[in-house]
Structures are given as C-alpha cells and as structure tokens.
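The structure under discussion appears below in the form of structure tokens.
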Amino acid sequence: MPAKRPVRRMTVPEEVAPTLMANQDTRHKGDSTSTRKKGKCITFWVTDEQKAEISTYAAEHNTTVSRLIVEGLELRMNRDSI
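Residues 1247 to 1328 in the numbering used here are what the sequence shown lists, from first letter to last.
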C-alpha cells in the first residue's frame, strides 16, 4: 500500500506581492517531518540481496526501512540490557 502524502495547506495572499519570493509560505515549508523529532543520520553498507530483502519485508509490513531498522535496534538493545 503506498504511503499517504502530506496535506499541504496553502494560504492565499490578500494581494499580489511585488516579488515572487514574497509569496513563499515560510511557516509550513519543508516536508512532513517538521512535526517529528529529527535524529541523526547513520549510514551502513549491505549487499544488494540484503537491501532487496529488507525493502520487501518493510513494504509487506507497511513500514519504512528506517523504522524497521530502528525497531530492530531497540529490540536488540533492550534484550541485551536485561
């Protein structure tokens, strides 16, 4: 199932601005992650086969690869701390 796209709310200016830049929406700019706490980016290497398997598994379980990896790390780290 494809992910839902964020709803973009556009405000209509009262009058035409003198420049194109003045019409930009600076309050709601960016993607849908603005409400989510951003973390740090971690990069690691996997084989083509592993990447395909991970992507397929994530799609079948209606999640993202990032969320799958984070949940796996949380499970592993909680299990080791017991």
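Beta carbons are placed, not taken as given, at the ideal position from N, Cα and C, and that holds for glycine.
Considering Cα atoms alone, identify which of Arg1313, Leu1314, Asn1308 is closest to Ala1249.
Minimum Cα distance to Ala1249 is reached at Asn1308.
Measuring alpha carbon to alpha carbon, tell me which of Ile1288, Phe1290, Val1311 ends up nearest Ala1298.
Among Ile1288, Phe1290, Val1311, the Cα nearest to that of Ala1298 is on Val1311.
Report, in whole angstroms, the separation of the C-beta atoms of Ala1304 and Leu1314, which I expect to be a contact under 8 Å.
Confirmed, about 5 Å.
Does DSSP put Thr1302 in a helix, in a strand, or in coil?
Helix at Thr1302.
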